[in-house]
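Take a look at the structure below.
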Amino acid sequence: MFDNKQILITGGTGSFGKAMVRTILERYKPRRLVVFSRDELKQFEMAQTFSPEQHSCLRYFIGDVRDEERLHRAFHNIDYVIHAAAMKQVPAAEYNPFECIKTNIIGAQNIINAALDNNVQKVIALSTDKAANPVNLYGATKLCSDKLFIAANAYQGTRETTFSVVRYGNVVGSRGSVVPFFVKKRAEGVLPITDPRMTRFWITLDQGIDFVISCLEKMVGGETFIPKIPSMKIVDLAKAIAPECRTEVIGIRPGEKLHEVMVPEDEARNTIDIGDRFIIKPTFNNLAPRYEKYEGKPVPDGFEYNSRDNKQWLSHEELCKLAGLE
1 MFDNKQILIT
11 GGTGSFGKAM
21 VRTILERYKP
31 RRLVVFSRDE
41 LKQFEMAQTF
51 SPEQHSCLRY
61 FIGDVRDEER
71 LHRAFHNIDY
81 VIHAAAMKQV
91 PAAEYNPFEC
101 IKTNIIGAQN
111 IINAALDNNV
121 QKVIALSTDK
131 AANPVNLYGA
141 TKLCSDKLFI
151 AANAYQGTRE
161 TTFSVVRYGN
171 VVGSRGSVVP
181 FFVKKRAEGV
191 LPITDPRMTR
201 FWITLDQGID
211 FVISCLEKMV
221 GGETFIPKIP
231 SMKIVDLAKA
241 IAPECRTEVI
251 GIRPGEKLHE
261 VMVPEDEARN
271 TIDIGDRFII
281 KPTFNNLAPR
291 YEKYEGKPVP
301 DGFEYNSRDN
311 KQWLSHEELC
321 KLAGLE
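Under this note's numbering, the residues of the sequence shown are numbered 1 to 326, in order.
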């Protein structure tokens, strides 16, 4: 998949970016692997583990997705772009809305423009379950971003650049995840719970990496890929991590939902089930012939894929194993 290819990862120093770099270096022989991010300290620290001296294909490129000119320079001769850069902390986005818009929406359009102008072969953008029926600004900006990437396939013209989106749920153990927060809090004997009814989708970082790679390989452009992953109640998560602690209900924070959605009911008519994942097809008629390659079946009318009604649920033991808490 990546052998002799030139790959660029935006947000390359984040949890996902570092794991993707590790995976590509272990499994493939890329011609060039570019870590694109705006934080020089994180790049310096990452280079202590993944150094260009040890991996001659590796490049560290300082830049911001808000800066289209810098993206044009970075995308020169790139084959694949994995777009993981985002402002994703819900409270920070609520308090700094236009900063979130500049990164997640304007940044997405900058990625699209630079990719088209440099004839990048494939761009796959990471999204979130919060982009489906969003109630917070972060989710709304990611919905806009998703729409931009999907629409980009309709005006690519004679270029071969294709764009697709991957949408999945909470990543166990990633920065900002509730799992390390609970682990830290258990020393105090009390875990704060927003609402005992709250449910979330869960995926491990390695599962997310494998899913993105498989989607990048399958994509024809315009799809939104959604993995079938398990759910768990937040209160059960707390009990699995710290059974000895008591819980304290503190109420839902601004911008939070009780349950997350990855396939909204209104998108059911455009969604197919291909076994291990769902694919939401775009509504552009000119893209329809592309999706004949997928051997899947339409989901039923009224279908919604949400964390409350999910058929897969994590047990305490499975969660502890995934989070490395055995």
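Beta carbons are placed, not taken as given, at the ideal position from N, Cα and C, and that holds for glycine.
All values reported here derive from a predicted model rather than from experimental measurement.
{"query": "DSSP beta-bridge partners for N170?", "result": "W202"}
{"query": "Taking the Cβ atom as the reference point for each residue, do V65 and A93 lie within a distance shorter than 8 Å?", "result": "no"}
{"query": "In this structure, does DSSP put T283 in helix, strand or coil?", "result": "coil"}
{"query": "Which partner residues does V220 have in the DSSP bridge list?", "result": "Note: V220 sits in no beta bridge, so no partner."}
{"query": "What does the alpha-carbon distance come out to for the pair I213 and R27?", "result": "11 Å"}
{"query": "Roughly how many angstroms separate the alpha carbons of P196 and I229, rounded to a whole number?", "result": "21 Å"}
{"query": "What does I62 pair with, by DSSP beta-bridge criteria?", "result": "S37"}
{"query": "Which of helix, strand or coil does DSSP assign to R27?", "result": "helix"}
{"query": "So within the region 104-185, which uninterrupted alpha helix (DSSP H) runs reach at least 4 residues, ignoring any that extend past its ends?", "result": "107-117, 137-152, 178-185"}
{"query": "Give me the Cα-Cα distance between E223 and L148, rounded to the nearest whole angstrom.", "result": "12 Å"}
{"query": "Does the beta carbon of S145 come closer than 8 Å to any beta carbon on chain C?", "result": "This model lacks chain C altogether; it includes just one protein chain."}
{"query": "Could you pull the start and end residues of the beta strand (DSSP E) that D236 belongs to?", "result": "Note, D236: premise wrong, no beta strand (DSSP E); alpha helix (DSSP H) at 234-241."}
{"query": "At what residues does the beta strand (DSSP E) containing Y80 begin and finish?", "result": "80-83"}
{"query": "Just to confirm before moving on: does the CB-CB distance between I241 and F201 stay below 8 Å?", "result": "no"}
{"query": "When you compare each of H316, Y294, T271 to D301 by their alpha carbons, which one comes out closest?", "result": "T271"}
{"query": "With DSSP as the reference, label N270 as helix, strand or coil.", "result": "helix"}
{"query": "Taking only the alpha-carbon atoms, compute the straight-line gap between Q156 and Q109 and give it to the nearest angstrom.", "result": "13 Å"}
{"query": "How many angstroms separate the CA atom of E265 from the CA atom of T162?", "result": "26 Å"}
{"query": "What first and last residue would you give for the beta strand (DSSP E) that runs through I9?", "result": "6-10"}
{"query": "Between S145 and I105, how many whole angstroms is the CB-CB distance? I'm expecting something under 8 Å.", "result": "6 Å"}
{"query": "I think M262 touches I124, with their Cβ atoms under 8 Å apart; what is that distance to the nearest whole Å?", "result": "Between I124 and M262 the Cβ distance is about 17 Å, and since that is not below 8 Å, they are no contact."}
{"query": "DSSP on K102, reduced to helix/strand/coil?", "result": "helix"}
{"query": "From W313 to R73, what distance separates their C-alpha atoms?", "result": "45 Å"}
{"query": "Starting from V299, trace the alpha helix (DSSP H) in both directions and tell me its first and last residue.", "result": "Note, V299: premise wrong, no alpha helix (DSSP H); not H, not E."}
{"query": "How close, in whole Å, do the beta carbons of L322 and T247 come, if the pair is a contact with beta carbons under 8 Å?", "result": "Going by Cβ atoms, the distance from L322 to T247 rounds to 21 Å, so no, they are not a contact pair."}
{"query": "Along the chain, where does the beta strand (DSSP E) that runs through P91 open and close?", "result": "That residue, P91, is in no beta strand (DSSP E); its alpha helix (DSSP H) goes 90-95."}
{"query": "Whole angstroms is fine: what's the gap from G221's alpha carbon to L258's?", "result": "32 Å"}
{"query": "Going by beta carbon distance, what residues of the same chain come within less than 7 Å of N286, once the five residues before and after it are set aside?", "result": "A154"}
{"query": "Whose C-alpha, out of Q54, P227, L137, is nearest the C-alpha of I280?", "result": "P227"}
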